[in-house]
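In UniProt numbering, the protein residues as written are 1 to 287. Following: one structure in structure tokens, then a few remarks.
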């Protein structure tokens, strides 16, 4: 896809929503990655999910440096789904981009995704790949090309696995798409499944435009609690089935795939812990 749309086409306005809960240590990095975009967002909405007073003060100090950023404060701690909805409800843009406070964007993230919004398939959502980086690592150099590598994400593939990091998505500012308030695990997956059934579905830019600075699972943060993640995924399938998004046959298949993935994740995490213990024991013995 050509990266240079007609200059006569109106440029879509992008609202960036960043949930924040006691994460001021990484918030500055996330905001800096938005500020460095070669395609500038119209506004940045940081939604504080009832952090401590000290964290709120730190967040306000960081946000004050950015003219088009502001803080929205939640009355109670309700989780990332409710925080994203709070920002989404106040967003003035044509599209909403989500960024977790401990992730970061490639400087060309929005620039490379914006032309995809005008694709003839009329996507309801655009995502990208993600790369895991260390604290001092930078994004890999993107290939030089006049074409953006795009691939559709079929509903069948999405039912088997969720390859879309929340921090990569651009969603239409549509009232029919919202997170389920109060959900804390796999809350994004439910929205993706709904988006896949609207208009032209989901298109992915096949480039690493988002950086994560922790493991996908088995590390700190929400993803560390794998049993609750697995239960959240099962709840997602039941919810989209009850909404008529998937059939009974698809529900049965999804439940089986989900169970298999959970076993694999637990096995990988268990192996990592065992290896760490063996190495620790070996080092103690050798010393």
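We put the beta carbon where it would ideally sit given N, CA and C, even for glycine.
Distance between beta carbons of residue 155 and residue 196, contact taken as under 8 Å: 5 Å
Residue closest to residue 149, alpha-carbon to alpha-carbon, out of 208, 135, 102 and 201: 208
Alpha helix (DSSP H) segment containing residue 176, residue limits: Where residue 176 is concerned, there is no enclosing alpha helix (DSSP H), given that its DSSP letter is neither H nor E.
Identity of the residue in 191, 105 and 129 nearest residue 181 by Cα: 191
Other residues of its chain near residue 104: CB distance less than 7 Å, five sequence neighbours each side excluded: 29, 30, 33 and 211
Continuous beta strand (DSSP E) stretch holding residue 239: start and end: No beta strand (DSSP E) contains residue 239, which is instead part of the alpha helix (DSSP H) from 226–242.
CB of residue 25 within 8 Å of CB of residue 97, strictly: no
Within the stretch 91–117, ranges of the beta strand (DSSP E) (whole runs, at least 3 residues): 95–98 and 103–105
Nonlocal neighbours in the same chain, by C-beta distance under 7 Å from residue 71, ignoring five residues either side: 46, 48, 59, 60 and 63
Where residue 54 falls: helix, strand or coil (DSSP): helix
Reduced DSSP category for residue 80 - H, G, I as helix; E, B as strand; rest coil: helix
Touch test, the stretch 162–178 against the stretch 121–128, Cβ-Cβ under 8 Å, three pairs minimum: yes
First and last residue of the uninterrupted beta strand (DSSP E) at residue 142: Segment: none, residue 142 is in no beta strand (DSSP E) and carries neither H nor E.
DSSP three-state assignment for residue 212, whether helix, strand or coil: strand
Local Cβ density within 10 Å of residue 68, reported as buried at 16 or more and exposed below that: exposed
Meets three-Cβ-pair contact criterion under 8 Å: the stretch 79–90 and the stretch 172–187: yes
Cut-off 6 Å between Cβ atoms - residues of its own chain near residue 21, not counting five sequence neighbours on either side: 49 and 51
C-alpha gap between residue 227 and residue 143, whole angstroms: 38 Å
Spatial distance of residue 193 from residue 158 (CA atoms): 7 Å
Candidates 23, 19, 39 and 27, of which the one nearest residue 335 by Cα: Residue 335 falls outside the range modelled here, since the chain spans only 1 to 287, and no answer is possible.
Under the three-state DSSP convention, the category residue 120 falls into: coil
Host beta strand (DSSP E) of residue 73 (start-end): 69–73
As assigned by DSSP and simplified to three states, the class of residue 41: coil
Coil, strand or helix - residue 167 by DSSP: helix
C-alpha distance - residue 280 paired with residue 271, whole-angstrom precision: 14 Å
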